[in-house]
Structures are given as C-alpha cells and as structure tokens.
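The block underneath contains the structure these notes are about, expressed in structure tokens.
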Amino acid sequence: VEPKKNLSAWMGKMIQSPAADTLLQEGDIISIGETIKLEVIHTPGHTPGGICLKGEGVIFTGDTLFAGSIGRTDFPGGSYEQLINAIKAKLFSLDDDLKVYPGHGPASSIGAERAANPFFN
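When we follow our numbering, the leftmost residue of the sequence shown carries the number 522, and every step to the right adds one.
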C-alpha cells in the first residue's frame with residue numbers, strides 16, 4: 522500500500538507497505554496450535570478486505586463492530602452501505618450469546634448489539 526493510503530505520509534515517513542503473504546477468504550479456517558480454530562468471515566465496509574474471526578463462543582470483530590458502534594468507513598475503499606449490510610447479513614445471523622471482542626473498547630455480544638446498537642435501531 523502506498524504511503525498516502527497507509528497514512529505513513531502524514532506522519533513524516535514514507536513507508537511502502539509490503540504485499541500480503543496470503544489473502545484470507547470467506548470460510549477459511551485459521552488454526553492456532555492444535556485446539557484453536559478461527560473461521561474467516563468477510564465483512565467489507567471499514568476496508569474492502571475487512572474480516573472477522575469466529576471461534577468457539579467468540580468472534581473477533583476488529584473495526585467492523587464495536588459495543589454500541591461500528592467501524593469508520595471514511596478511509597479509501599470504505600463503504601458505509603457494505604459495512605451495514607455485512608453486519609446485518611453475516612454477524613447478526615449468529616447466536617445471541619456469541620461474545621464480541623472488537624478491535625477497540627469493551628466486549629459485547631451479538632444479541633446485545635442486535636438489540637441496542639444505535640446504527641441498527
């Protein structure tokens with residue numbers, strides 16, 4: 522990614538981000554050790570390649586879904602409509618009890634966000 526898009530240009534350094542070694546796809550499984558398995562869920566909107574990682578009883582939502590909020594969509598490639606649609610279709614269809622661990626802020630649950638997140642009510 523070029524320096525203006527990765528924001529390094531705004532910090533006084535021109536850093537060219539390296540290309541990814543592997544691009545994760547919807548449904549891929551990431552194994553951590555022998556017991557932890559995380560399923561990739563593609564949730565574009567914050568970025569075109571945004572993902573969440575779903576494990577047993579938990580989902581790591583990064584900058585897709587927060588407790589009482591959603592991720593920003595004003596970066597290059599961001600899309601409010603895609604983010605809202607991805608959350609509704611892919612995250613809010615999951616079990617209410619699934620614990621949500623966002624990239625910032627407190628944890629929540631899918632049920633709590635479906636019921637009270639102001640971006641959906």
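Heads up, the beta-carbon is just placed ideally off N, CA and C, and yes, glycines get one too.
Close CB contacts of L586 within its chain, under the 7 Å cut and outside five residues either way in sequence, are with I608, L612, V621, P623, E634 (chain order).
In the DSSP annotation of this structure, E560 is not part of any alpha helix (DSSP H); the continuous beta strand (DSSP E) holding it starts and ends at 557 to 563. For G632, the enclosing alpha helix (DSSP H) begins and ends at 631 to 637. Rounded to the nearest angstrom, the Cβ distance from G592 to L574 is 15 Å, too far for a contact under 8 Å.
The three-state secondary structure of I536, taken from DSSP, is coil. By the Cβ neighbour-count rule, T568 is buried, with 16 or more other Cβ atoms within 10 Å of its own. Distance from the CA of I631 to the CA of E602, rounded to the nearest whole angstrom, comes to 20 Å. Boundaries of the beta strand (DSSP E) harbouring I551: 550 to 553, taken from the DSSP string. I580: member of the beta strand (DSSP E) spanning 579 to 583, first to last residue. Taken in chain order, the unbroken stretches of alpha helix (DSSP H) that lie wholly in the region 567 to 628 and span 4 residues or more are 601 to 607.
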